[in-house]
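Presented below is the structure to which this report refers.
Protein chains: 4
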Amino acid sequence: MTTEQTPPVPGPKPLRADARRNRARLLEVAEAVFAEQGTGASTEEVARRANVGIATVFRHFPTKEALLEAVLIRRLEQLAEEGRRLLAESGPTEALFALFDLIVEASPVKNAFAAALADAGVDVGAAAAEAGHALHAVLSELLSGAQRAGAVRKDLEVPELIAILVGTARMLEHLDGHPASAARARAVVRDGLRPPVAG
Amino acid sequence: MTTEQTPPVPGPKPLRADARRNRARLLEVAEAVFAEQGTGASTEEVARRANVGIATVFRHFPTKEALLEAVLIRRLEQLAEEGRRLLAESGPTEALFALFDLIVEASPVKNAFAAALADAGVDVGAAAAEAGHALHAVLSELLSGAQRAGAVRKDLEVPELIAILVGTARMLEHLDGHPASAARARAVVRDGLRPPVAG
Amino acid sequence: MTTEQTPPVPGPKPLRADARRNRARLLEVAEAVFAEQGTGASTEEVARRANVGIATVFRHFPTKEALLEAVLIRRLEQLAEEGRRLLAESGPTEALFALFDLIVEASPVKNAFAAALADAGVDVGAAAAEAGHALHAVLSELLSGAQRAGAVRKDLEVPELIAILVGTARMLEHLDGHPASAARARAVVRDGLRPPVAG
Amino acid sequence: MTTEQTPPVPGPKPLRADARRNRARLLEVAEAVFAEQGTGASTEEVARRANVGIATVFRHFPTKEALLEAVLIRRLEQLAEEGRRLLAESGPTEALFALFDLIVEASPVKNAFAAALADAGVDVGAAAAEAGHALHAVLSELLSGAQRAGAVRKDLEVPELIAILVGTARMLEHLDGHPASAARARAVVRDGLRPPVAG
DNA sequence: AATGAATGAGCGTTCATTCAT
DNA sequence: TATGAATGAACGCTCATTCAT
Numbered sequence: 656m657t658t659e660q661t662p663p664v665p666g667p668k669p670l671r672a673d674a675r676r677n678r679a680r681l682l683e684v685a686e687a688v689f690a691e692q693g694t695g696a697s698t699e700e701v702a703r704r705a706n707v708g709i710a711t712v713f714r715h716f717p718t719k720e721a722l723l724e725a726v727l728i729r730r731l732e733q734l735a736e737e738g739r740r741l742l743a744e745s746g747p748t749e750a751l752f753a754l755f756d757l758i759v760e761a762s763p764v765k766n767a768f769a770a771a772l773a774d775a776g777v778d779v780g781a782a783a784a785e786a787g788h789a790l791h792a793v794l795s796e797l798l799s800g801a802q803r804a805g806a807v808r809k810d811l812e813v814p815e816l817i818a819i820l821v822g823t824a825r826m827l828e829h830l831d832g833h834p835a836s837a838a839r840a841r842a843v844v845r846d847g848l849r850p851p852v853a854g
Numbered sequence: 656m657t658t659e660q661t662p663p664v665p666g667p668k669p670l671r672a673d674a675r676r677n678r679a680r681l682l683e684v685a686e687a688v689f690a691e692q693g694t695g696a697s698t699e700e701v702a703r704r705a706n707v708g709i710a711t712v713f714r715h716f717p718t719k720e721a722l723l724e725a726v727l728i729r730r731l732e733q734l735a736e737e738g739r740r741l742l743a744e745s746g747p748t749e750a751l752f753a754l755f756d757l758i759v760e761a762s763p764v765k766n767a768f769a770a771a772l773a774d775a776g777v778d779v780g781a782a783a784a785e786a787g788h789a790l791h792a793v794l795s796e797l798l799s800g801a802q803r804a805g806a807v808r809k810d811l812e813v814p815e816l817i818a819i820l821v822g823t824a825r826m827l828e829h830l831d832g833h834p835a836s837a838a839r840a841r842a843v844v845r846d847g848l849r850p851p852v853a854g
Numbered sequence: 656m657t658t659e660q661t662p663p664v665p666g667p668k669p670l671r672a673d674a675r676r677n678r679a680r681l682l683e684v685a686e687a688v689f690a691e692q693g694t695g696a697s698t699e700e701v702a703r704r705a706n707v708g709i710a711t712v713f714r715h716f717p718t719k720e721a722l723l724e725a726v727l728i729r730r731l732e733q734l735a736e737e738g739r740r741l742l743a744e745s746g747p748t749e750a751l752f753a754l755f756d757l758i759v760e761a762s763p764v765k766n767a768f769a770a771a772l773a774d775a776g777v778d779v780g781a782a783a784a785e786a787g788h789a790l791h792a793v794l795s796e797l798l799s800g801a802q803r804a805g806a807v808r809k810d811l812e813v814p815e816l817i818a819i820l821v822g823t824a825r826m827l828e829h830l831d832g833h834p835a836s837a838a839r840a841r842a843v844v845r846d847g848l849r850p851p852v853a854g
Numbered sequence: 656m657t658t659e660q661t662p663p664v665p666g667p668k669p670l671r672a673d674a675r676r677n678r679a680r681l682l683e684v685a686e687a688v689f690a691e692q693g694t695g696a697s698t699e700e701v702a703r704r705a706n707v708g709i710a711t712v713f714r715h716f717p718t719k720e721a722l723l724e725a726v727l728i729r730r731l732e733q734l735a736e737e738g739r740r741l742l743a744e745s746g747p748t749e750a751l752f753a754l755f756d757l758i759v760e761a762s763p764v765k766n767a768f769a770a771a772l773a774d775a776g777v778d779v780g781a782a783a784a785e786a787g788h789a790l791h792a793v794l795s796e797l798l799s800g801a802q803r804a805g806a807v808r809k810d811l812e813v814p815e816l817i818a819i820l821v822g823t824a825r826m827l828e829h830l831d832g833h834p835a836s837a838a839r840a841r842a843v844v845r846d847g848l849r850p851p852v853a854g
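Protein chains in written order, with this note's numbering: chain A, 656 to 854; chain B, 656 to 854; chain C, 656 to 854; chain D, 656 to 854.
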């Protein structure tokens with residue numbers, strides 16, 4: 656059921672081969688650049704590192720904000736995909752915590768970027784919303800599975816789970832280079848997610 | 656105890672009365688402006704809102720980064736001060752959690768600012784480090800007190816406590832406008848800070 | 656008489672049928688686009704509206720200026736043609752004034768375009784000059800006919816007639832939407848063209 | 656009555672001496688530059704020729720359009736002023752025709768600029784409208800005086816007079832370098848403005 | 001021959017910082 | 001000393017033109 660039977664919807668044009676390559680490279684480079692330097696990094700820097708002219712960036716993404724959004728979407732999609740994969744491979748509890756680690760441990764710079772993205776008004780457009788919903792759905796499935804298994808407190812819902820993810824990422828970013836502290840900080844969150852002990 | 660007995664270290668000049676007033680107002684205004692508009696807000700905007708010329712800002716703070724750092728220092732000092740006050744008024748456990756809430760609930764925009772500050776390379780200079788150490792000292796006292804009282808897990812140290820503060824602030828910022836979710840998210844952190852139940 | 660007996664001069668290549676169609680469509684579209692949006696309109700816009708690739712435009716017209724010039728030439732040729740037709744149908748006086756109206760009343764935007772064209776350095780190339788000469792010839796015939804008929808002041812020559820046309824077009828463009836004023840403005844020019852009353 | 660008793664209205668701040676000089680120079684230079692190269696001339700070019708940094712231009716005129724509008728206003732004001740002066744010195748008929756010549760003979764490039772300004776959407780703001788009204792008032796006085804004196808056709812109103820001015824300027828611009836033709840073209844307009852001969 | 005992706009110079013505009021008043 | 005005008009590097013973005021498919 657995970658194999659997608661993409662029906663032949665025409666869509667917004669079947670990009671030429673080289674253009675597709677450039678677009679993909681741009682997204683990759685942009686993610687790296689924004690992660691390293693924050694969203695204030697110049698579009699020119701992205702172009703330079705992708706070895707394309709500045710106009711090529713703007714051909715693919717009509718504004719800088721569109722580029723940021725595209726990077727965000729890509730990341731959301733990757734995470735949702737990963738979540739689905741993990742769920743297929745193991746039980747929901749393991750999958751949930753594995754995904755949690757994946758998100759939270761992604762090189763801090765990546766999270767810095769994600770955070771900044773959220774910070775900025777980036778009124779996520781329809782596409783980003785859609786990607787967000789997909790991730791939301793996966794998280795929902797993982798969460799309720801883990802709750803049924805008694806591994807996670809029952810009162811938790813997806814919105815705060817996401818917030819906890821974001822916050823934990825931030826937390827660990829702050830402890831980059833101090834693995835012992837990071838481990839303890841993570842234990843705090845992990846234990847807090849457990850169902851509270853009766854009594 | 657609040658009256659500071661500034662010892663007669665020569666220091667960086669004994670600022671004239673009006674200049675001191677200007678400096679104070681600038682810091683206040685700057686914090687508000689950066690909170691509202693992010694650290695990208697223009698220095699001119701700060702000057703305008705403080706009713707001083709732009710050059711006056713640069714006389715007091717030679718670069719924009721210096722201004723940002725000064726705001727950060729002020730905030731750190733205020734928090735340390737607050738911590739000391741709370742400790743004087745109640746037991747360490749109550750004081751710790753009260754300070755936690757104070758920091759974490761400060762209007763999200765302020766945290767956005769703090770976060771951005773941390774994000775940016777702002778290699779906190781000596782002064783900021785000093786203010787940080789003061790806060791660190793207070794937190795240390797509060798933490799060990801609360802640990803002795805059995806209210807907080809024993810393995811926690813100050814660095815991760817700070818990181819948890821930052822992360823939680825971020826978390827709650829993400830849940831601004833969703834108080835029920837925010838309450839649950841906070842419960843997660845709070846419970847995670849408790850000593851783990853003996854199994 | 657309208658069927659052109661193009662003599663077999665080698666000329667600039669005998670364009671394939673579809674290419675000829677493309678070229679014609681491009682000119683038509685370009686005139687419309689430049690009329691609507693001014694000569695600053697982008698070449699891409701022309702291509703888009705003509706349903707051709709941008710490169711096709713540049714294949715037919717090696718620079719944007721060449722395209723503008725081609726549009727101008729087309730317009731000059733049409734006017735000359737129209738003048739010849741009018742002269743064949745009626746006396747020179749009627750024909751002259753009819754052509755005058757035709758030129759001058761062409762939708763203001765078209766004149767805006769023509770004016771802009773003239774404004775810009777567009778050092779009309781040889782082809783444009785040729786088209787200009789053709790129009791010049793027709794106007795000359797009309798003018799001298801009308802002068803012989805006593806309908807137009809004798810001292811007038813073609814160069815100033817053209818200037819008067821351009822100026823009047825500009826004048827009426829300025830009065831677009833104010834028909835009463837436009838009528839009075841035109842009366843001024845019309846009366847000024849008449850032979851001055853003796854006495 | 657012409658001596659203005661400017662009351663001490665505070666206005667939008669009493670510009671510093673050097674700033675005033677710069678502002679004036681910028682307007683002068685901008686008029687020249689836009690006249691020579693059209694309104695498409697770059698703001699940088701204006702700055703360069705005025706020997707100021709680009710930011711100085713934008714400090715004085717927050718957008719390029721504002722600069723264009725300021726130049727237009729200045730021109731309108733100069734013309735109105737000139738009209739008033741002429742009227743004070745001689746009868747309305749002489750004054751009207753003198754002003755006519757002044758406007759129409761201004762170096763063609765200036766008219767090219769004025770025309771372009773009008774062409775562009777330049778939705779003249781309030782200030783420009785005001786300046787326009789002032790000129791309108793002067794022209795109205797001149798026109799009705801000349802009409803009463805029997806020197807100009809009675810049916811003419813100010814709007815078309817302005818249009819005729821614009822059109823004539825365009826006309827003469829087109830004949831730059833051909834004085835004989837220009838003289839004849841102007842005679843056409845001049846004669847057309849006269850009251851039509853009875854009979 | 002036709003396409004459209006890629007290019008880079010150039011534009012309008014902003015902002016931290018310096019300088020003249 | 002405080003002011004605010006001046007500065008120029010940098011940014012996001014556009015467009016005529018070229019190149020690979």
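Here a beta-carbon is modelled for each residue, glycine too, at the ideal position from N, C-alpha and C. Remember, it's a predicted structure, so these values are computed and weren't measured experimentally.
Any C-beta of chain C under 7 Å from that of residue i
i	result
S795(D)	no
A710(D)	no
T748(D)	no
G805(D)	no
D831(D)	no
Any chain D beta carbon closer than 7 Å to residue i
i	result
S836(C)	yes
R825(C)	yes
E815(C)	yes
D810(C)	yes
H715(C)	no
DSSP three-state assignment for residue i, whether helix, strand or coil
i	result
N620(D)	There is simply no residue 620(D) to check, as chain D begins at 656 and stops at 854 in what is shown.
S795(C)	helix
V726(C)	helix
F752(D)	helix
A705(A)	coil
F716(C)	coil
T711(B)	helix
T694(D)	coil
V852(A)	coil
G746(C)	coil
R671(D)	coil
Same chain, Cβ closer than 6 Å to residue i, neighbours up to 5 away in sequence not counted
i	result
L751(A)	L797, A801
R729(A)	L682
A855(C)	There is no way to answer for residue 855(C), as the model of chain C reaches only from 656 to 854.
V807(A)	A801, L848
Short CB-CB distance (under 7 Å) between residue i and chain A
i	result
I758(B)	no
A840(B)	yes
I728(B)	no
Min CB distance residue i to chain B below 7 Å
i	result
H788(A)	no
P851(A)	yes
Same chain, Cβ closer than 7 Å to residue i, neighbours up to 5 away in sequence not counted
i	result
L734(D)	I758, L790
V813(B)	H791, L794, S795, L798
V844(A)	I819, T823
Problem set entry | Whole alpha helix (DSSP H) elements within the segment 799-850 of chain C, 4-residue minimum | 813-829, 834-848
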